[in-house]
Amino acid sequence: MEYNIVIAGIGGQGVLTIARIIGEAALLEGLKVRVGEIHGLSQRFGSLFAHVRMGNSIYSGLIPLGKGDMLLSLEPAEALRHLQYMKKGAILILNRRPIEPPQVSMELFKYPSLEQIRAISSEKFGLKVLELDAREIAEKAGNAIAQNSVMLGAALSAPGIPISTKSAISALERTISRRFVDLNIRALELGMQEGRKLLEKVF
Amino acid sequence: MSERILIDPNPQKLLLLGNEAIVRGALEAGLDFFAAYPGTPSSEILDAMLSLADSVGIYAEVSVNEKIAFESCLGASWSGLRAMTSMKHVGLNVAADSLMSSAAMGTRGGFVSVVADDPNMWSSQNEQDTRLFAKFANVPLIEPSSPQEALDLTKRAFELSEKYGTLIILRTTTRLSHTRGDVRTGFLPQKIIEGKRRVGEFKKDPSRFVSLPQNSRRLKVEHASVVKRLEKEEGASFIELEGDEEAKVGIIASGTAYGYVKEALEWMGLSKVRIAKVLMPYPLPRNPLKEIFSNVDRILIVEELEPVIEEQAKLLAFEEGMRVEIHGKDFVPRDFELSPEKVAKAIASFMKKDLPIDFEELESKGKEASSLAPPVPPTLCPACPHRNTFYAIRKAASPRSIFPSDIGCYTLAFFPPLKTVDTTVDMGASISIAHGISRSSKEEKGKAVVATIGDSTFFHTGIPALANAIANGSDFILVVLDNGTTAMTGHQPNPGSTEGTKRRLSIEDIARAMGADYVEVVDPYDIKSVEAAVRKAMDVRGVRVIVARRDCALKVISDKRRRGESWNVYRVNEDLCTGCKVCINAYGCPAIKWNRDKRKAYIDPELCWGCGGCAQVCPYNAIEVMK
Ligand code: SF4
Ligand code: SF4
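So the sequence lines, in the order shown, correspond to chains A and B.
Sequential numbering of the first sequence, starting at 2, is according to our numbering.
Sequential numbering of the second sequence, starting at -1, is according to our numbering.
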């Protein structure tokens, strides 16, 4: 067994927190796990990603090209940077909310449309795309800052992911500060519901 | 918050970063003394040591630079304590003088120096291989390939250091330092559990600790024999052999490259291979390798960056007259970080096999897709006081001015729209380069040299450079971007911080005491005052120092968040906004965005940290506090 997830986003969105929670949860499931992170300069509101790997035959923190099972993208355009890591039939969970970088505000670069991102992912790379508005759902849960937990919830709803909700929640409790635990569990649950709904349409 | 798990006395399975595993390994070894200067990818080691020091009874400090950290540890080791320092690869350049000079003097208490290399330069100015330094200084270097080995080998490093009386370098790379993996921890010694601080005692031995030529000549030869003995006696335990014993091809790998090799072989279904994992790249263990050399016909050496193992292996084969064919950098890239696919490609062509996946096709499709994603380089945070400082410098100094800068998050002012970084070399170089430029070009009106340096960098190597500039009658403006912390590496204190120091040093007093020709302290949240200070400084000759002081916004906001406090959020008044884009094209706070349909600016309330800088910058007073 081997299950590989790329988490993509922009520094400050909680990419490393999700990676950490999934990693801890995998440990609770008794799996061998590696989480490849990026720290330092790259975290200052720049593109950021983490690789989470679970299974018996993994020896490194990097997912080989073409071996990813899931791409969890907290920002729509960021997904475009990691598609080559996915295998055909992998799942792309896409947060529909763009964060336009200064280059776009300065009109030096055009931000791609959601249709474009969706089309490339499904037609060129054969991914199954689930799309949601994590911010809206997080606000329903109580606060927009819980967007990453919504995304985590959506990820947990995917078939084949070797993490149970129970271990995800205990990992979350171990990882984030106590004040925000309830909010994030609510967000996670709403994310899961949304994920299941979307999945019914895709599968 | 998570650091507490590192001091659980009982063995258990934890998900640890490579760096955290090193900390645990050092604690299990009974560490007494720790000193370091932060640098990505090594910083988490320092963070954990600082936060745990009191409860485990170790001495831990943030030194002003790596040389000083290294020498402090040397003093502790010579006093019989177990000491450790950690740094990034370029930090070893700063400590190189101490390393080269003390290597042969040896140690008393175990002394381990962790050096984290950064292949691919994720957060660094260059890509250097510390294993070459080990060879240069003739010091044993060991290298883990997983978080578990990071723990085990750190512990082992202390034992070896004490047994042989030599410094041991523990090398990691970004990919190991920042990879989490499942790690089985061991027991903590009683002294750590009880948090009892051990007291050392320096026993004089001038024939060893004074580097006069007569001593150094003797020590050099003695130490060389120690390293040889260590290789002979311990070498076998630093090479792990696996795979098919009958195989005619072999692969030697070390560090993270070992993991890539294992995956590539499984992936391609290749099992007729003998594998050797090297845990001590210098000095390379001879006997176990000779054994492989005599059984296989061809060998591929897979290592990241320089051919350090390869060159030693080839020499070994030559010296032993062995006929094995040894390959390495002719198949494996020498530049940048390795990856599972790069290694798979190298192995496939070495073994004349097909690749499991058409990487070329995937890569080119991937490139095409990525090219549609807008570039998102890291930027100065919202509310960063030094966006204002740079903006003010830009306004005060003509575009023909020259802007030498330095190492820290403020190097990001290189990017548009600020573009106030013309040079960056290494820590402290802003000042010496400004000095060199101002001494070598003729003064012209409107062409000022305005250098920028952060507070931590100022203390690191800025002070001697400033002394040099003043003493040599130089002529430039130095703006010290003081945010009271070492922000880039995760907010470690420095001598100018109010928190985390025993006594706070004042940058302006230092500049005055050195005789700077003009010294002023300004608050960058008041943009006009910075602009005025720079203008005033331009009318003075000599070395002029402006200290722009305001706490790091990232730190202020995370503290506020933790305490549940709120802050002002700004907004653009659409009726007043003319769409001039000054706030975006000249100032560039990442919270300010552009509404293409309305052709007006707007502020993302989630990203605004309430500094009010944009309100000072907007020529139409269109930005105000959100009610
Ligand atoms: S600077 Fe002021 S007027 Fe110009 S775009 Fe920004 S908010 Fe609008
Ligand atoms: S007040 Fe303006 S400059 Fe400051 S953080 Fe908010 S949007 Fe950015």
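Beta carbons are placed, not taken as given, at the ideal position from N, Cα and C, and that holds for glycine.
Bear in mind the structure is a predicted one, so any value in this text is a computation, not a measurement.
By the Cβ neighbour-count rule, tyrosine 618 of chain B is exposed, with fewer than 16 other Cβ atoms within 10 Å of its own. DSSP places tyrosine 112 of chain A outside both helix and strand once states are collapsed to three, so it counts as coil. The beta carbon of proline 522 of chain B sits no closer than 7 Å to any heavy atom of ligand 2.
Within the chosen limit of 7 Å, ligand 2 does not reach the beta carbon of isoleucine 525 of chain B with any heavy atom. Here glycine 179 of chain B is not near proline 204 of chain B, since their CB atoms are 8 Å or more apart. With distances taken between CA atoms, leucine 239 of chain B lies nearest to B:Ala251 out of B:Val519, B:Ser472, B:Lys230 and B:Ala251. When 9 Å is used as the limit between beta carbons, threonine 177 of chain B is near these residues of chain A: Arg35, Val36, Gly37, Glu38, His52, Ser61, Gly62 and Leu63, in chain order. With 16 or more other Cβ atoms inside 10 Å of its own Cβ, glycine 248 of chain B counts as buried. Any Cβ of chain B closer than 8 Å to the Cβ of isoleucine 121 of chain A would place that residue at the interface, and such an atom is present. Against chain A, the CB of cysteine 606 of chain B has no partner CB under 8 Å away; the residue lies outside that interface.
For isoleucine 8 of chain A, the CB contacts under 6 Å within the same chain, skipping 5 residues up- and downstream, are Val16, Ile19, Ala20, Ala51 and Leu73 in chain order.
Rounded to the nearest angstrom, the Cβ distance from isoleucine 191 of chain B to proline 7 of chain B is 5 Å, consistent with a contact under 8 Å.
A straight line joining the alpha-carbon of serine 171 of chain A with that of arginine 272 of chain B spans about 42 Å.
For isoleucine 100 of chain A, the shortest C-beta to heavy atom distance toward ligand 2 is 7 Å or greater. Of the residues assessed, lysine 340 of chain B falls on the buried side of the cut-off, its CB having 16 or more other CB atoms within 10 angstroms. In this structure, alanine 114 of chain B places its C-beta atom within 8 Å of the C-beta atom of threonine 171 of chain B.
Linking lysine 202 of chain B to serine 70 of chain B through their CA atoms gives a straight-line distance of about 17 Å. In the structure shown, isoleucine 121 of chain A adopts helical secondary structure according to DSSP, grouped into three states. Of B:Leu378, B:Tyr568, B:Val570 and B:Pro415, the smallest CA-CA separation from leucine 479 of chain B is found for B:Leu378. Per DSSP, alanine 27 of chain B lies in no beta strand (DSSP E) and is assigned neither H nor E. Not one heavy atom of ligand 2 falls within 7 Å of the beta-carbon of tyrosine 389 of chain B. Taking 8 Å as the Cβ-Cβ cut-off, the stretch 328 to 360 of chain B approaches chain A at Ser337, Pro338, Glu339, Ala342, Ile355, Phe357 and Leu360, given in chain order.
Non-local beta-carbon contacts of proline 603 of chain B in its own chain, meaning distances under 6 Å to residues more than five positions away in sequence, involve Val567 in chain order. Contact between asparagine 17 of chain B and glutamate 42 of chain B holds, with the beta-carbon distance rounding to 4 Å and staying under 8 Å. Valine 623 of chain B is classed as exposed because its beta carbon has fewer than 16 other beta carbons within 10 Å across all chains shown.
Looking only at A:Lys88, A:Glu25 and A:Glu116, the smallest Cα-Cα distance to aspartate 356 of chain B is reached by A:Lys88.
Between the beta-carbon of proline 103 of chain A and that of glutamate 76 of chain A there is about 14 Å, and that puts the pair past the 8 Å contact cut.
Chain-ordered, the chain A residues with CB closer than 9 Å to the CB of tryptophan 592 of chain B read Glu101, Val105, Ser106, Met107 and Glu108. Taking a beta-carbon distance threshold of 8 Å, asparagine 124 of chain B does not count as an interface residue toward chain A. Just so you know, the alpha carbons of alanine 394 of chain B and leucine 44 of chain B end up roughly 39 Å apart.
Serine 171 of chain A is outside the set of residues whose beta carbon lies under 8 Å from a beta carbon in chain B. Taking the CA atoms as reference points, tyrosine 516 of chain B sits about 27 Å from threonine 499 of chain B. Every residue whose beta carbon comes nearer than 5 Å to a heavy atom of ligand 1 appears here in chain order: B:Val570, B:Cys575, B:Thr576, B:Cys578, B:Lys579, B:Val580, B:Cys581, B:Ala599, B:Cys616, B:Tyr618 and B:Ala620. In this structure tryptophan 592 of chain B is buried. Its beta-carbon is surrounded by 16 or more other beta-carbon atoms within 10 angstroms. Rounded to the nearest whole angstrom, the C-alpha separation of leucine 360 of chain B and glycine 426 of chain B is 43 Å. Judged by DSSP in its simplified three-state form, phenylalanine 457 of chain B adopts helix.
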